[in-house]
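Trainee: Taking my numbering, I'd label the letters of the sequence shown as residues -11 to 203. From the three backbone atoms N, C-alpha and C, an ideal C-beta is built for every residue, glycine too. Handing you this structure, nothing more for now.
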Amino acid sequence: MDKAEVTTQGSTVEEWTRALAESTGSPGGGAGTGVMLAVAASLTSMVAGYSGDDGGEPAKIRARAQQLRREALHLADEDASASKAFGAAFRLEPGDGRDEAIRRASLEAAASSAVLGDRAIGAIDDLAWLATNGNRALVADIVVAFGALRAAVAGARTNVSFDLGSLRSAGATLDQVRTQQPELWAAVEKLGGAMDRIDELTAAIDDRAAPTEAG
-11 MDKAEVTTQG STVEEWTRAL AESTGSPGGG AGTGVMLAVA ASLTSMVAGY
39 SGDDGGEPAK IRARAQQLRR EALHLADEDA SASKAFGAAF RLEPGDGRDE
89 AIRRASLEAA ASSAVLGDRA IGAIDDLAWL ATNGNRALVA DIVVAFGALR
139 AAVAGARTNV SFDLGSLRSA GATLDQVRTQ QPELWAAVEK LGGAMDRIDE
189 LTAAIDDRAA PTEAG
């Protein structure tokens, strides 16, 4: 399969991860972040399905998780496309055209990662509900889901921050970036807070998930 045709929805796991392993950057860490969110959503759906089928809260959580899984894969493929533009901008000859291309590609990449991060934050409450009210036999799956969700949040946070920092290559200072892109700048802090919340939620059920752990 042509590397240009590799997508999360049109490739096998083996094909997609093989493309990820190549030194091309497309797909890259941002796309991997989307896949981690899809994994978290898939596990959320699975646990919700085992936690009740009477049309109550578990059914609502499962429907949201299944929609998120699809959206996360779409966002992963969008990020892979953005990565191509990002890399192409930095390969241009120095000059005003290169600076503008870097500025545009950096902002598009940051915005894409911020959307993915926002979707990940929105998934925390449903997983938290399952951690308290879901099928207790699947607590280990919930912890794995939290781990995948944290990886998605951390990836989004890092990518937004890095992409904003890349604007310095187009001549902007970090103070200018903070002033000109307040929403993207604030997203970094919001995602950091989400990571802390996931850590707290995971710690709260760790004794159930790993009862033989020493300590």
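To the nearest angstrom, report how far apart residue 86 and residue 146 are at their CA atoms.
Mentor: Cα to Cα, residue 86 sits roughly 24 Å from residue 146.
Trainee: Output the residue ranges of the alpha helix (DSSP H) runs that lie fully inside the region 123 to 189 and measure 4 residues or longer, sorted by chain position.
Mentor: List check, alpha helix (DSSP H) in window: 127 to 153, 162 to 168.
Trainee: Starting from residue 18, trace the alpha helix (DSSP H) both ways and give me its first and last residue.
Mentor: Element bounds for residue 18: 17 to 37.
Trainee: Taking all protein chains shown into account, do 16 or more other C-beta atoms lie within 10 angstroms of the C-beta of residue 245, making it buried, or fewer, making it exposed?
Mentor: Residue 245 lies beyond the residue range present for the chain, which begins at -11 and ends at 203; the question has no answer from this structure.
Trainee: What number of angstroms, rounded off, separates the C-alpha of residue 107 from the C-alpha of residue 200?
Mentor: Distance between the alpha carbons of residue 107 and residue 200: 34 Å.
Trainee: Taking the alpha-carbon of residue 135 as reference, which of 9, 7, 123, 186 has the nearest alpha-carbon?
Mentor: Selected option, being the one with the closest Cα: 186.
Trainee: Ends of the alpha helix (DSSP H) at residue 107?
Mentor: That run of the alpha helix (DSSP H) goes 84 to 110.
Trainee: Applying the 10 Å Cβ sphere with the 16-neighbour rule, what's the burial state of residue 169?
Mentor: Residue 169 is buried by the Cβ-count criterion.
Trainee: How is residue 65 classed by DSSP in three states: helix, strand or coil?
Mentor: The answer is helix: DSSP assigns residue 65 an H, G or I state.
Trainee: Three-state secondary structure (DSSP) at residue -3?
Mentor: Note: residue -3 maps to coil in three-state DSSP.
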